[in-house]
Amino acid sequence: MKLQTVQHFFNTIVFFLILVLFLTACSHPSTKSIEGVNKSTSKNLQVGQDHKDAGDNEQLFNADPQKKGENTDSNHINEQQENHKIDFSVKPNELGQVMILMYHNVSDKESEWSRSYDNFKKDLQILYENGYCLIGLKDFIQGRIDVPAGKTPVIITFDDGLQGQFNFIEKQGKTIIDPHSAVGIINDFAEAHPDFGKKATFYIYYPLPFRQKEYIKEKLNYIVSNGMEIGNHTYTHANLTKLSSEKIQKELALNVKATQGYVEGYSVDSLALPYGASSKSTYNFLKQGSFEGTSYKNNAILLVGANPAFSPWDTRFDPYRLPRVRASSPYFEQWIKYFKENPGERFISDSNPDIITFPKELKKHFNEKVANKKVITY
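Under my numbering, the sequence shown has 401 at position 183, and the numbering climbs by one with no breaks.
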């Protein structure tokens with residue numbers, strides 16, 4: 219009897235041990251199995267991502283050479299999302315050329331250095347109808363180009379600070395902007411076409427910019443407060459090839475000092491060369507210098523002619539030798555026609571100022587030193 223009891227007890231213990239081992243095996247899969255699942259899942263995710271990347275759109279992420287190879291999976295997905303937001307039907311080309319138009323006077327007569335009221339209005343209409351939008355020179359130089367998809371930025375500049383560019387008149391006892399002056403025409407056009415913008419840069423010299431002494435301060439402050447810009451045209455409209463480095467610095471510094479005397483703290487940081495004249499031996503003094511406690515630093519130097527400028531992301535872009543298109547007949551019309559017939563040559567926006575998009579065949583011209591911009595080629 220005792221032997222049977224011991225045998226029964228032993229069988230019970232064995233049964234429970236077997237049961238425990240069985241339950242443990244079911245609830246804890248081996249480490250090998252877990253690693254297998256993770257590797258399989260990771261592989262499947264990677265294949266899915268690679269498949270998503272396959273297609274016509276080649277992308278250059280982290281254009282900053284110091285950041286190459288730092289693309290994490292999360293960043294990669296974000297880049298793909300940005301890619302999907304680009305409207306490739308407009309054929310964006312942000313390595314295309316940009317016209318910097320050079321005007322002088324605006325008056326009732328058309329001549330080599332003066333655009334008539336009517337022709338200036340027509341210029342704006344032609345630009346608008348052909349998909350151009352006004353941007354400021356400062357934004358262009360700094361690569362802050364923010365225009366709608368499919369549109370082309372254009373920059374308007376005025377040399378000499380003439381009265382036809384910005385004029386005040388009296389009407390019914392009030393002082394108003396002359397609607398026939400360049401500022402008046404731009405304002406009226408922008409009111410009718412707000413998507414066109416009303417940017418412009420005025421390169422003035424002293425002592426009498428815009429030729430109305432009593433309104434100098436009011437005009438300069440109006441320009442700045444309305445998103446337009448003031449540039450350096452030397453203090454006396456000097457031919458810089460005939461000046462020493464000391465006198466060049468005096469001309470440029472006095473211009474800055476005078477402008478800041480009317481518009482406190484304003485940064486005058488671009489120069490339009492009077493007569494388009496410069497000397498190689500003194501060119502560095504056009505970029506920066508000082509005179510009697512006033513310093514200047516130009517981020518851009520504008521020439522007189524005679525072509526559109528390269529994109530700020532093009533390796534051929536030189537901010538210290540920016541060409542301009544003469545905005546008079548027949549030059550203005552010729553360049554409008556050229557870009558109409560050669561749309562692949564002009565800058566076409568992708569609408570996102572934080573992304574640079576261009577056809578992959580232009581990659582050889584892309585400046586890879588550009589930082590803080592995402593890049594998409596197609």
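Built from N, CA and C at the ideal position, the CB exists for glycine as well.
Being a predicted model, the structure only gives us computed values, none of them experimental.
Task: Asn-590, buried or exposed, once every other Cβ within 10 Å from all chains shown has been counted against 16 - done: Under this definition Asn-590 is an exposed residue.
Open item on the list: Give me the DSSP bridge partner(s) of Val-486.
Closed with: Paired residue(s): none; Val-486 is not in a bridge.
Task: Cβ pair Leu-458, Ala-490 closer than 8 Å - done: no
Task: Under the three-state DSSP convention, the category His-455 falls into - done: coil
Task: Cβ neighbour criterion (16 or more within 10 Å) applied to Gln-467 - done: With 16 or more other Cβ atoms within 10 Å, it is buried.
Open item on the list: For Ala-527 and Tyr-321, which I take to be in contact (beta-carbon distance under 8 Å), what is that distance rounded to the nearest angstrom?
Closed with: The pair is not a contact, with the Cβ atoms about 16 Å apart (cut-off 8 Å).
Open item on the list: Quick check: the Cα distance between Arg-429 and Leu-580, rounded to an integer number of angstroms?
Closed with: 46 Å
Open item on the list: Suppose contacts are defined by Cβ-Cβ distances below 8 Å. Is Glu-563 in contact with Phe-557 by that definition?
Closed with: Going by C-beta atoms, Glu-563 is nearer than 8 Å to Phe-557.
Open item on the list: For Gly-194, which residues in the same chain have their Cβ closer than 7 Å to its Cβ, ignoring the five residues on either side in sequence?
Closed with: The question about residue 194 has no answer, for the chain in this structure spans 219 to 596.
- [ ] Pair every Cβ in the stretch 397-412 with every Cβ in the stretch 333-344, then say whether three or more of these pairs are closer than 8 Å.
- [x] Pairwise C-beta distances place the stretch 397-412 in contact with the stretch 333-344, as three or more of them are shorter than 8 Å.
Task: Range covered by the beta strand (DSSP E) that runs through Thr-575 - done: Going by DSSP, Thr-575 is part of the beta strand (DSSP E) stretching over 573-576.
Task: Beta-carbon proximity check, Thr-470 vs Asn-450, cutoff 8 Å - done: A small correction: the amino acid at residue 470 is Leu; Thr does not occupy that position in the sequence shown. Contact: yes.
Task: Spatially closest choice to Pro-310 from Tyr-480, Val-588 and Ile-573, by CA coordinates - done: Ile-573
Task: Residue nearest to Ser-547 in terms of C-alpha spacing, selected from Asp-326, Glu-330 and Asp-305 - done: For Ser-547, the nearest C-alpha among the options comes from Glu-330.
TODO: Return yes when the Cβ of Ala-418 is within less than 8 Å of the Cβ of Ile-395, no when it is not.
DONE: Ala-418 is positioned such that its CB atom lies no closer than 8 Å to that of Ile-395.
TODO: Would you give the residue range spanned by the beta strand (DSSP E) that Tyr-346 belongs to?
DONE: Tyr-346 -> not in any beta strand (DSSP E); alpha helix (DSSP H) instead, spanning 335-347.
Open item on the list: Using only the alpha-carbon positions, how far apart do Asn-560 and Phe-509 sit?
Closed with: Looking at the two C-alpha atoms, the distance is approximately 46 Å.
TODO: Within the same chain, show all residues whose beta-carbon is closer than 7 Å to that of His-583, passing over the 5 residues directly before and after it, in chain order.
DONE: Leu-313, Asp-532, Thr-533 and Arg-534
TODO: Determine the DSSP secondary structure at Asn-473, reduced to helix, strand or coil.
DONE: Looking at Asn-473 - three-state DSSP - the assignment turns out to be helix.
Open item on the list: Can you tell me whether Ser-496 is helix, strand or coil according to DSSP?
Closed with: Assigned with DSSP and collapsed to three states, Ser-496 falls in coil, not helix or strand.
Task: Rounded distance between the beta-carbons of Ala-367 and Asp-305, thought under 8 Å - done: 5 Å
Task: Boundaries (first-last residue) of the beta strand (DSSP E) holding Asp-377 - done: 370-377
Open item on the list: Could you tell me the alpha carbon to alpha carbon distance between His-294 and Pro-537, rounded to whole angstroms?
Closed with: Bear in mind that a pLDDT of 35 at His-294, under 50, signals an unreliable position, so the model cannot answer this.
- [ ] Starting from the C-beta of Phe-384, find all residues in its chain whose C-beta is less than 6 Å away, skip the five residues before and the five after it, and write them out in chain order.
- [x] Ser-399, Val-401, Phe-428 and Lys-437
Open item on the list: Between which two residues does the beta strand (DSSP E) holding Glu-388 run?
Closed with: For Glu-388, the enclosing beta strand (DSSP E) covers residues 386-389.
- [ ] Please name the residue or residues paired with Lys-515 in a DSSP beta bridge.
- [x] Gln-506
Task: Where Tyr-321 sits in the DSSP three-state scheme - done: strand
Task: Phe-420: first and last residue of the uninterrupted beta strand (DSSP E) it sits in - done: DSSP places Phe-420 inside the beta strand (DSSP E), whose first and last residues are 419-422.
Open item on the list: For Arg-539 and Lys-303, what's the separation of their Cα atoms in angstroms?
Closed with: 35 Å
Open item on the list: Tell me the DSSP secondary structure of Ile-404 in three-state form.
Closed with: helix
Task: Per DSSP, cross-strand counterpart(s) of Lys-592 - done: Ile-573
Task: Burial state of Leu-447, where buried means 16 or more other Cβ atoms lie within 10 Å - done: First, the amino acid is wrong: residue 447 is Glu here, not Leu. It is buried - the Cβ of Glu-447 has at least 16 other Cβ atoms within 10 Å.
Task: Three-state secondary structure (DSSP) of Glu-447 - done: strand
Open item on the list: Quick check on Ala-524: buried or exposed, where buried means 16 or more other Cβ atoms within 10 Å of its Cβ?
Closed with: exposed
Task: Helix, strand or coil at Ser-332 according to DSSP, with G and I counted as helix - done: strand
Task: Close beta carbons around Asp-568, own chain, < 7 Å, minus the five adjacent residues each side - done: Ile-304, Pro-310, Glu-312, Ala-367 and Thr-575
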